[in-house]
Structure formats: C-alpha cells, structure tokens
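Engineer: Quick note on the working numbering: the sequence shown kicks off at 80 and runs consecutively.
C-beta atoms are modelled at their ideal positions from N, C-alpha and C, and glycine is treated no differently.
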Amino acid sequence: MVRPTGDPDLGYATHTESSRTAVKAELIENVEWDDPFAFAHLRMYEVEEDFVEAANILFSQDDELQSAKTELMRITADSSKQETVMYPHLSRIFEFIELLEDKYGNTAGSPHKSLAGQTWLVRSQSPYFDRPQSDRNTTPKEIVVHTANFARLHMSGRPFQLFSVGLLIYGNEFCVGIYDRAGVRFSPSYHI
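1) For G184, which option in M152, F130 and S146 has the closest C-alpha, if you only look at C-alpha atoms?
2) Around the Cβ of G272, are there at least 16 other Cβ atoms within 10 angstroms (buried) or fewer (exposed)?
3) What is the DSSP secondary structure of R153, reduced to helix, strand or coil?
4) What's the gap between the Cα of F274 and the Cα of S268?
5) Leaving out five residues on either side along the sequence, give the residues of the same chain with a beta carbon under 7 Å from the beta carbon of M152.
6) What does H270 pair with, by DSSP beta-bridge criteria?
7) Taking the C-alpha atoms as reference points, what is the distance between K103 and V224?
8) Run through the DSSP bridge pairs and tell me what S243 is partnered with.
9) Mind checking whether I154 and V164 have CB atoms under 7 Å apart?
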C-alpha cells in the first residue's frame, strides 16, 4: 500500500496542495464578484415577503438570538478576529433559520437535513479577508480557492448536481457563492 507523503509542517498531504493549485488555475478569469443574479439563480424571489417579515419579528423577539447577534458584532469589532469564537453564535442563528416554518408547516430541514455535529463549519488558514472589488481577470484569493475546492469535493460525490452553494462570512458581512464547473459567482455582500 502506498501512502501519500506530505510535509508534516504543512499539516496536509502534498496531493491536497496540488489539487488546490489546479483549482486556482481553473478559477483564473472565472470568479465573478457582486453578481446581482446570484440570488435569482437560487430563486430567492420565490420566498414570500410575509415569511421574511415573520422571521424578522421572531428573530427580534428571541433573547438568545439577540445575544448571539450582539456577540457576533462584538467579535467582529475585536482586532484579534478569532473565527472559532463565532461558531456557537452562528450555529444558534443557523438553527433558528433551519427550524423556521412556512405557512404549510415545512421547514428548511424538511425532509430532515440537520446541521448537527457542526458539519457546516469549514476553517481556512486565513478566515478573514478583505473582499476585493476586482474584475474577473485576477488570481483568486486563497479563501476562494479553499471554498471552491470544498465545493469541487462536494459535487464530485454528486455527479448530477449542477452547482454547490456556499456561505462566506467575513467579519460582520457575508455573501453567497455559487460554485459550478464554470467557476464561482458571488452575490453582493450583506451585513449580518
């Protein structure tokens, strides 16, 4: 049996680095920022306004959620910017979103798709970055390569899936990434 070799100082096998290098090369000229059609692609316009308003009211009335929001604002204002400290607060907010019911009693987890085990957590070596306002012809940032590599792995196990969706949270802002075989499109940035 041949075992992959790697530099122990890097903490991962060299084949992982070569995979990221290939992804990085494929992404050159294939990353689009502030794509106004990203949410249309996800059919966000189909979410009823009453549902969104009701969710906002429930969110504002929940003391735990307000505390989580306050802590996230405090953490993002802190100069140390420790990503892992945000996890429990983000987890609480994601659980709230997952359990919201529409007028038919359906939730985002119907059929059950739990975030249990915090499998949604992905930690990069450099979690915070200044989102560039650049054109498509630049070399992609490492965070983009990192997330595109995860999306590639996600889609490799689902050969008939056309795209993968990722949520990038940086500081107190976020955007949605749509990863497909042609590249990556990011939505405009929104405040948490």
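Structural biologist: Walking through what the data contain:
1) Along the sequence shown, read from residue 1 onward, the residue named residue 184 stands at position 105. Taking only the C-alpha atoms, the option nearest G184 is F130.
2) Given a span of 80 to 271 for the chain in the structure shown, any question on residue 272 remains unanswerable.
3) By 1-based counting over the sequence shown, the position of residue 153 is 74. Looking at R153 - three-state DSSP - the assignment turns out to be helix.
4) Residue 274 lies beyond the residue range present for the chain, which begins at 80 and ends at 271; the question has no answer from this structure.
5) The count along the sequence shown starts at 1 and reaches residue 152 at position 73. The answer, listed in chain order, is N251.
6) Against the sequence shown, residue 270 aligns to sequence position 191. Note: H270 sits in a beta bridge opposite E252.
7) For the purposes of this step, residue 103 is taken as residue 24 along the sequence shown, with counting starting at 1. For the purposes of this step, residue 224 is taken as residue 145 along the sequence shown, with counting starting at 1. Their backbone Cα atoms lie some 6 Å apart in a straight line.
8) Residue numbering aside, residue 243 sits at position 164 when the sequence shown is read from its first letter. Beta-bridge pairing links S243 to Y258.
9) Mapped onto the sequence shown, residue 154 falls at position 75. Mapped onto the sequence shown, residue 164 falls at position 85. In this structure, V164 lies closer than 7 Å to I154 by Cβ.
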